[in-house]
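Trainee: Submitted below is the structure of interest, expressed as structure tokens.
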Amino acid sequence: MATILVADDDEMFRELVTEILTQGGYSVVRVKDGAEGWEALQKKKIDLAVLDLNMPNMDGLELTRKVRDDAKLRDLPILMLTVRALVEDQVTGYERGADDYLTKPFDSKMLLARVKVLARRSSLGK
Ligand SMILES: [Mg+2]
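FYI, the numbering for the sequence shown is 68 to 193, going by our numbering.
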């Protein structure tokens with residue numbers, strides 16, 4: 068079973084995303100900020116990450132940058148979640164290494180569909 072890291076400081080969204088992914092057949096590791104996310108990535112085998120953009124301690128962009136700079140983690144598929152809908156923010160997200168972008172509030176089926184596409188593109192789908 069593929070394991071997905073869910074990092075969001077908003078408890079409601081964290082639980083919502085976890086529930087959707089769990090029902091979708093994925094195993095989920097939940098954390099409340101980027102620093103905890105980075106720690107989890109060192110300790111556990113994570114196949115894909117769903118990261119909130121705005122988080123205390125380390126935000127989603129900073130965590131993405133660290134992942135892309137890391138020899139072992141650089142290919143990790145990353146889906147960024149944000150309440151911001153500005154085009155510039157999405158462009159920044161892609162430029163910093165996010166593979167896909169989803170704006171809150173999102174449809175649960177859309178989240179699962181995007182995760183499936185990312186998983187298929189990576190080694191997960193093979
Ligand atoms: Mg947040």
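Positions of the beta carbon are idealized from the N, C-alpha and C atoms, including for glycine.
Predicted, not measured: the structure shown is a model, and the values here were computed from it.
Could you pull the start and end residues of the beta strand (DSSP E) that A275 belongs to?
Mentor: The question about residue 275 has no answer, for the chain in this structure spans 68 to 193.
Trainee: For A74, which three-state DSSP category applies?
Mentor: In this structure, A74 counts as strand in the three-state DSSP scheme.
Trainee: Whole-angstrom Cβ separation of V73 and L88, contact assumed at under 8 Å?
Mentor: About 7 Å separates the two Cβ atoms, so the contact holds.
Trainee: Taking only the alpha-carbon atoms, compute the straight-line gap between Y161 and T131 and give it to the nearest angstrom.
Mentor: Their Cα atoms are separated by approximately 10 Å.
Trainee: So, using beta-carbon positions, are V150 and K171 closer together than 8 Å?
Mentor: Cβ distance < 8 Å, so V150 and K171 count as in contact.
Trainee: Suppose you measure from the CA of D142 to the CA of G164; what does that come to, to the nearest Å?
Mentor: Cα to Cα, the separation comes out at about 10 Å.
Trainee: Per DSSP, what kind of secondary structure is Y161 in: helix, strand or coil?
Mentor: Looking at Y161 - three-state DSSP - the assignment turns out to be helix.
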